[in-house]
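What follows is a short report on a single structure.
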Amino acid sequence: MIYLIVRKYQYKNTEPNYRIEKWAKTIKEANQFLSALSLLENDEYVMHFIVPAQENPALILTEEVETKANGKEINITEEMPF
4 MIYLIVRKYQ YKNTEPNYRI EKWAKTIKEA NQFLSALSLL ENDEYVMHFI
54 VPAQENPALI LTEEVETKAN GKEINITEEM PF
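Start counting the sequence shown at 4; every next residue gets the next number (the numbering used here).
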């Protein structure tokens, strides 16, 4: 299982902002990262927490997956125009 260390920033009554700060393969390693980040962070509006994340093979894109862009079906292996 993979563990994500998530950073939450919320200033007073604003909408919170989340981002993944680190990831770990074990809960022990995740707790070590969390402790280190908590010690280093001095912003009162920032909080870190651990979220277990299970890899989901259904979310892995393959060459067989197709998507629609601007109403046109394209294969994800095609090069993008930018």
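Ideal Cβ positions, reconstructed from N, Cα and C, are used throughout, including at glycine.
From residue i to residue j, what distance separates their C-alpha atoms?
i: residue 50; j: residue 27; result: 18 Å
i: residue 67; j: residue 58; result: Low per-residue confidence applies at residue 67: pLDDT is 46, beneath 50, and the placement is therefore not dependable enough to give any value.
i: residue 8; j: residue 14; result: 20 Å
i: residue 16; j: residue 6; result: 28 Å
i: residue 44; j: residue 55; result: 22 Å
i: residue 46; j: residue 24; result: 15 Å
i: residue 36; j: residue 18; result: 25 Å
Is there at least one Cβ from chain D nearer than 8 Å to residue i's Cβ?
i: residue 43; result: Reference to chain D is not applicable here, since this structure consists of a single protein chain.
Assuming residue i and residue j form a contact by the criterion Cβ under 8 Å, report the distance between their Cβ atoms to the nearest whole angstrom.
i: residue 39; j: residue 53; result: Contact doesn't hold; Cβ gap of about 13 Å is too wide.
i: residue 11; j: residue 21; result: 5 Å
Assign residue i to buried or exposed, taking buried as 16 or more other Cβ atoms, counted over all protein chains shown, within 10 Å of its Cβ.
i: residue 42; result: exposed
i: residue 48; result: exposed
Give the DSSP bridge partners of residue i, in chain order.
i: residue 52; result: 9
i: residue 25; result: 8
i: residue 20; result: 12
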